[in-house]
Amino acid sequence: MAIFDYDLLCIGSGPAGQRAAVQATKIGKRTALVERGRLIGGVCVDTGTIPSKTFREAALLETGRTLFDQKLRPLVSGHRPSAQTLLARVAEVEQEQVEI
């Protein structure tokens with residue numbers, strides 16, 4: 013049986029687990045992170061908050077609206093974003109979050 017020597021073992025790679033692991037590492041602790049899912053980041057990164065908020069923000073950006081300017085106004089030059097464009101942005105942000 014292999015023996016591992018860690019100062020901190022974080023169970024789950026959601027926001028709390030990631031933050032705990034990063035903070036412990038910053039102060040020189042040896043950390044390990046255990047995740048039962050196929051992707052790190054937990055529900056927040058994989059299927060929850062980050063994908064849904066990124067999809068929303070990409071749609072607002074592509075239609076010429078911003079988070080702080082929700083007024084209904086015509087689409088810029090009639091531009092309508094494609095689903096492919098929006099999904100590509102979601103995938104890009106998810107990958108960035110996993111690499112942190």
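Every position in the sequence shown, counted from 1, becomes a number in this note's numbering once 12 is added. A virtual CB, placed ideally from N, CA and C, is assigned to each residue, including glycine.
- In summary, Gly53 is buried, with 16 or more beta-carbon neighbours lying within 10 Å of its beta-carbon over all protein chains present.
- With fewer than 16 neighbouring CB atoms inside 10 Å of its own CB, Gln35 falls in the exposed class.
- Excluding five sequence positions before and after Ala70, the CB atoms of its chain that fall closer than 8 Å to its own CB belong to Pro93, Thr97, Leu98, Arg101 and Val102, given in chain order.
- Taking C-beta separations shorter than 6 Å and ignoring five residues to either side along the sequence, the partners of Glu47 in its chain run Ser25, following chain order.
- Contact between Thr59 and Val105 does not hold, since their C-beta atoms are separated by about 13 Å, which reaches or exceeds 8 Å.
- In the DSSP assignment, Leu51 falls outside any beta strand (DSSP E) and carries neither an H nor an E.
- Beyond the five residues adjoining it in sequence on each side, Arg42 comes within less than 6 Å, by CB distance, of Tyr18 and Asp19 in the same chain, given in chain order.
- Per DSSP, Ile62 is one residue of the alpha helix (DSSP H) stretching across Thr61 to Glu74.
- As computed with DSSP, Thr97 is found in no beta bridge at all.
- Annotation: Arg50 to Thr37 spans about 23 Å, alpha carbon to alpha carbon.
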